[in-house]
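Accompanying notes for the structure given below.
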Amino acid sequence: MKFDNFYGNEETKEYLSSAFSRKAFPHALLLAGERGIGKRTLADIIARALVCESDADSVPCGNCPSCKKAENGFHPDIIKLDIDSSSHGVDYMRKLKLDALILPNDADRKVYIFNNAEAMTHDAQDAFLKILEEPPSFTFFILLCSSQSDLLPTIVSRTAHITLSRLCDGDIEKIIREKPSDF
């Protein structure tokens, strides 16, 4: 996998690349870490890799129609949810369960990214649990949260969880060297 614009967390990148190349990518991934650490960036890379049409190990390729749609934020099979408890309750999760069973539109896979997953009420998490336990083979979930302790243990136990760490000084120096115009 290619991790453009995602720095540090080398063990995480190795794990994800290995799982992807072995075709053993987890159907549910929980990315935890403090605000601003890169959870959304990593989730976007993973989602683009999952819908990429390239057969190469170097996904997302950035050139296929799926990658182009995803880069522009308009891929119909990447569904991004900014969770808040008022609009993402039990009824919403029940609808999401039904939607997750529908075949993808363009790609071979469908990816749901739950930003701020810890904002789901316990009842909403319970409603989500059934599809999380037994998703169709084409459906993937990426949950983003500050701490996995903010989610029900039943949700956490059904995901592969990764806690992202802060960048070390070497990573920060590399970013400054590669992208001096950003600073």
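Positions 18 to 200 (the numbering used here) are the ones given, in order, by the sequence shown. From the three backbone atoms N, C-alpha and C, an ideal C-beta is built for every residue, glycine too. Note that this is a predicted model, so its numbers are computed, not measured.
Between P153 and C185, the alpha-carbon positions lie close to 38 Å from each other. Under the DSSP assignment, L146 falls in the alpha helix (DSSP H) whose first and last residues are 139–150. Shown here, I179 sits in a strand according to DSSP, grouped into three states.
Our two residues, K191 and G53, have alpha carbons roughly 18 Å apart in a direct line.
Exclusion of the five residues before and after E70 leaves C78, C81, P82, S83, C84, A124 as the residues of its chain whose Cβ lies within less than 8 Å of its Cβ. If you draw a straight line from the Cα of R175 to the Cα of S38, it comes to about 22 Å. In the three-state reduction of the DSSP assignment, F131 falls in the strand class, which pools E and B. Bounds of the alpha helix (DSSP H) holding A66 are 56–68. For T156, the pairing in a beta bridge is given by DSSP as K127. Collapsing the DSSP output to three states places K40 in coil. By the neighbour-count definition (other C-beta atoms within 10 Å, threshold 16), P121 is a buried residue. Taking the Cα of L67 as reference, the smallest distance to any Cα among T180, I96, E51 is reached at I96. Runs of the beta strand (DSSP E) spanning 3 or more residues and lying entirely within the segment 73–105 occur at 95–99, in chain order.
Beta-bridge analysis with DSSP links C162 to A49.
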